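Residues in the sequence shown are numbered from 796 upward in steps of one, following my numbering. Using N, Cα and C, we set each Cβ at its ideal position, and we do this for glycine too. In this text, all values refer to a predicted model and were calculated from it rather than measured experimentally.
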Amino acid sequence: KQRRMVQARSVLCYWGTRELGMSAVSISKKLNIASSTASESAMRGRQIVEEHALKLMEEDKSENPRNV
796 KQRRMVQARS
806 VLCYWGTREL
816 GMSAVSISKK
826 LNIASSTASE
836 SAMRGRQIVE
846 EHALKLMEED
856 KSENPRNV
C-alpha cells in the first residue's frame, strides 16, 4: 500500500511541476511534505510516467464543433 502511495505522489509531483507549471514549493505545501521531497518525487514521477506511458489528459482527436 505504501509503495503505491509513494508512486502516486511521485506522478502527482511530476505532473504538477512539468505539466501544470506549479513550483515544488507550492506542491509541497499542498501535500504537506518538504519541498526537497517534492522535487525528488517529481524525478521519480518522470520515470513512472515514461515507463507506463501515462498521460495527464487524453488527447482529443475528435473535431471541435466550435471551430466549424
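Going by beta-carbon coordinates alone, are residue i and residue j separated by less than 7 Å?
i	j	result
V820	S830	yes
Measuring alpha carbon to alpha carbon, tell me which of the options ends up nearest residue i.
i	options	result
A803	E853, H847, S818	H847
R813	D855, E854, K850	K850
Here's a check: name, in chain order, each residue in its chain whose Cβ is nearer than 7 Å to the Cβ of residue i, leaving out the five neighbours to either side.
i	result
R839	S805
In chain order, what residues of the same chain lie with their CB nearer than 6 Å to the CB of residue i, ignoring the 5 residues before and after it?
i	result
V863	Bear in mind that the predicted position of V863 carries a pLDDT of just 48, short of 50, making it unreliable; the figure below should be weighed with that in mind. None.
C808	I822, A833, S836, A837, G840
E853	none
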